[in-house]
Ligand SMILES: Cc1cc2nc3c(=O)[nH]c(=O)nc-3n(C[C@H](O)[C@H](O)[C@H](O)COP(=O)(O)OP(=O)(O)OC[C@H]3O[C@@H](n4cnc5c(N)ncnc54)[C@H](O)[C@@H]3O)c2cc1C
Ligand code: FES
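Residue numbers (the numbering used here): 31 to 292.
Given below as structure tokens:
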């Protein structure tokens with residue numbers, strides 16, 4: 031898969047909640063070669079502050095050459111991005127990493143928690159556009175409260191897949207965790223669960239799937255410097271006792287390949 035460095039123009043800026051922002055960029059080379067679950071590295075500052083590019087999941091791509099990222103303003107890099115304007119150019123590198131391995135012959139259960147909702151829109155689009163019966167496909171989204179989930183729900187509804195939501199405080203969807211919804215859904219062994227979210231959520235998802243013999247793929251995060259397998263900054267322990275690079279072996283892994291299971 032080829033990578034590209036593009037000066038991508040911001041064509042849309044959406045402040046979805048106090049801290050959550052979605053940016054649409056014109057990046058035709060990246061859009062044309064991207065797959066669901068892959069990410070881009072973005073230079074957020076113009077000088078050396080911050081020095082390192084920041085990784086963001088591809089939230090959505092379009093055939094007209096647009097890519098979207100969805101992020102929370104949590105630190106120096108995302109603060110700068112959260113104060114960009116339509117028309118500005120961003121230095122974007124990607125697509126990077128290995129995305130979700132969509133199993134066409136199995137039912138799909140997509141589970142996005144918090145910012146982990148970001149790559150699920152791309153995956154939902156890919157699944158919805160595949161020619162098969164979608165009666166058993168399901169999307170589960172969750173967050174701390176309404177503002178983490180509701181602003182994105184209409185975009186997911188467009189794909190016509192079943193959708194359930196949960197929030198910790200009960201302000202949108204059921205009161206509870208996404209994993210509570212997963213457990214209540216009577217998933218069968220011919221389902222693949224695709225998850226992205228905080229580590230404790232992914233570990234809970236993995237435990238549940240293992241107990242039921244259900245295949246589970248998760249997109250994990252780590253601190254990243256290069257994004258290309260060169261700096262050893264993103265190691266994650268592998269089931270086989272060695273380690274894997276989140277940036278090139280992931281960010282999406284079959285959970286059985288991770289040391290979580292050991
Ligand atoms: C493959 C991948 C995909 C990602 N996709 C998204 C996405 O779609 N949307 C999104 O909002 N974020 C995503 N992240 C996390 C994102 O890269 C961090 O939010 C970003 O690097 C923070 O940069 P900053 O300069 O604003 O924060 P910094 O100033 O570097 O750090 C501020 C705070 O954020 C924490 N932080 C920094 N990096 C991460 C991280 N990787 N994970 C968790 N906490 C972190 C730090 O510990 C610190 O507390 C992804 C990370 C990876 C590895
Ligand atoms: S981020 Fe450098 S090796 Fe993965």
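Backbone N, C-alpha and C define an ideal beta-carbon position, used for all residues, glycine too.
- Counting only beta-carbon distances shorter than 7 angstroms to the non-hydrogen atoms of ligand 2, the qualifying residues in chain order are 254, 255, 256, 257, 258, 259, 260, 261, 262, 263, 264, 275, 276, 277 and 278.
- Under the three-state reduction of DSSP, residue 230 is assigned to helix.
- For the beta strand (DSSP E) assignment, the uninterrupted runs of no fewer than 3 residues enclosed by the stretch 149-211 are, from N- to C-terminal side, 168-173 and 192-197.
- A check of alpha carbon separations from residue 180 across 73, 197 and 129 identifies 197 as the nearest.
- Non-local C-beta neighbours of residue 146 in its own chain, meaning closer than 6 angstroms and more than five positions away in sequence, comprise 226 and 227, ordered along the chain.
- In the pairwise beta carbon analysis, the stretch 119-133 is classified as touching the stretch 33-53: at least three pairs are separated by under 8 angstroms.
- Taking non-hydrogen atoms of ligand 1 into account, the C-beta of residue 251 is found less than 7 angstroms away from one of them.
- Judged by DSSP secondary structure, residue 85 falls within the beta strand (DSSP E) whose first and last residues are 84-87.
- Unbroken alpha helix (DSSP H) stretches of 4 residues or longer found wholly inside the stretch 74-141: 106-111, given in chain order.
- With fewer than 16 neighbouring CB atoms inside 10 Å of its own CB, residue 109 falls in the exposed class.
- As the crow flies, the alpha-carbon of residue 85 is around 32 angstroms from that of residue 215.
- Counting along the chain, the unbroken alpha helix (DSSP H) around residue 62 starts and ends at 58-63.
- According to DSSP, residue pairing for residue 268 in a beta bridge involves 288.
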